[in-house]
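Asker: Under this note's numbering, the sequence shown is numbered contiguously, ending at residue 277. All C-beta atoms in this analysis are idealised placements derived from N, C-alpha and C, irrespective of residue type, glycine included. Below are the structure tokens for one structure; questions will follow.
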Amino acid sequence: MIAIGSDHAGFEMKEEIITYLKEKGIDICDCGAYEYKSDDDYPDLAYIVAKKVSTSECDLGILICGTGIGVSIVANKVRGVHAGACSEPISAKLAREHNGANVIAFGSRIVGLEMAKAIVDSFLGADFEKMHRQRDEVRMKKIEKIENE
Ligand code: RB5
């Protein structure tokens, strides 16, 4: 199950990405926003998506705001969440394979819809089990240590 959320800036793109992923048969947990509200705040929905991932209710998360930055900052505050803000597919794949990212974030004001789809495909298609290396594990343990300080 993939959690997805956006604020108003990412709302339209979120709806398009949900349709795209559903057409591929991927199970989606839409965490909002459920309607366009120009005054909604990205920390609210980013937190919901991050919690779904940190509690293992969802396997991975997708966050969209204007830039991808705000939602990634919020998601990274939640223990066990590793969110990467990406604007192209190679980083999205490597975020998962090398950094163990479990949330991908991008900005509707930065990337177009086709690029957003490519980022999502690359992230979801990344082979974490195969490509994640011993040395990445050591680095992730160091991140965990910092998180626990
Ligand atoms: C909202 O206008 C915008 O600031 C937000 O979506 C995001 O870009 C923050 O990082």
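Can you pull the DSSP bridge partners for Phe234?
Answerer: According to DSSP, which records beta bridges pairwise, Phe234 is partnered with Ile192.
Asker: Would the beta-carbon of Val231 fall within 8 Å of that of His210?
Answerer: In this structure, His210 lies closer than 8 Å to Val231 by Cβ.
Asker: Take the Cβ of Asp135 as the centre, count every other Cβ of all protein chains shown within 10 Å, and call the residue buried at 16 or more, exposed below.
Answerer: It counts as buried.
Asker: Would you say the beta carbon of Thr195 is closer than 7 Å to some non-hydrogen atom of the ligand RB5?
Answerer: Correct: Thr195 has its Cβ closer than 7 Å to the ligand RB5.
Asker: By how many angstroms is the C-alpha of Leu191 removed from the C-alpha of Ile238?
Answerer: Each residue's alpha carbon lies about 13 Å from the other.
Asker: Anyone know if the C-beta pair for Gly196 and Phe234 falls short of 8 Å?
Answerer: Result yes, Cβ atoms of Gly196 and Phe234 sit closer than 8 Å.
Asker: Within 10 angstroms of its Cβ, does Ser116 collect 16 or more other Cβ (buried), or is it exposed?
Answerer: Because the chain spans 129 through 277 in this model, residue 116 falls outside it and cannot be assessed.
Asker: Which first and last residues belong to the alpha helix (DSSP H) in which Phe271 is found?
Answerer: With the sequence shown as reference, residue 271 is identified as Ile, and Phe is not the correct amino acid for it. Per DSSP, Ile271 belongs to the alpha helix (DSSP H) from 262-275.
Asker: Quick check: does the Cβ of Leu162 come within less than 7 Å of any heavy atom belonging to the ligand RB5?
Answerer: Position check: residue 162 holds Tyr in this sequence, whereas Leu was assumed. No; taking the cut-off as 7 Å, the Cβ of Tyr162 has no heavy atom of the ligand RB5 nearer than that.
Asker: Under the rule that 16 or more other beta-carbon atoms within 10 Å means buried, what is Leu188, buried or exposed?
Answerer: Buried is the call here.
Asker: Rounded to whole angstroms, what is the Cα-Cα separation between Tyr164 and Gly240?
Answerer: Taking the straight line from one Cα to the other gives about 19 Å.
Asker: Tell me whether Gly212 is buried or exposed, calling it buried when 16 or more other Cβ atoms sit within 10 Å of its Cβ.
Answerer: Buried, by the Cβ-count rule.
Asker: Is Gly153 a contact residue of the ligand RB5, with contact defined as CB to any heavy atom under 7 Å?
Answerer: Gly153: no, Cβ never under 7 Å from the ligand RB5.
Asker: With distances taken Cα to Cα, identify the nearest neighbour of Ala220 among Glu242, Ile156, Asp249, Arg207.
Answerer: Out of Glu242, Ile156, Asp249, Arg207, Asp249 has the C-alpha closest to the C-alpha of Ala220.
Asker: Counting C-beta neighbours from all protein chains within 10 Å, is the total for Val266 16 or more, i.e. buried, or is it exposed?
Answerer: The residue is exposed, with fewer than 16 neighbouring Cβ atoms inside 10 Å.
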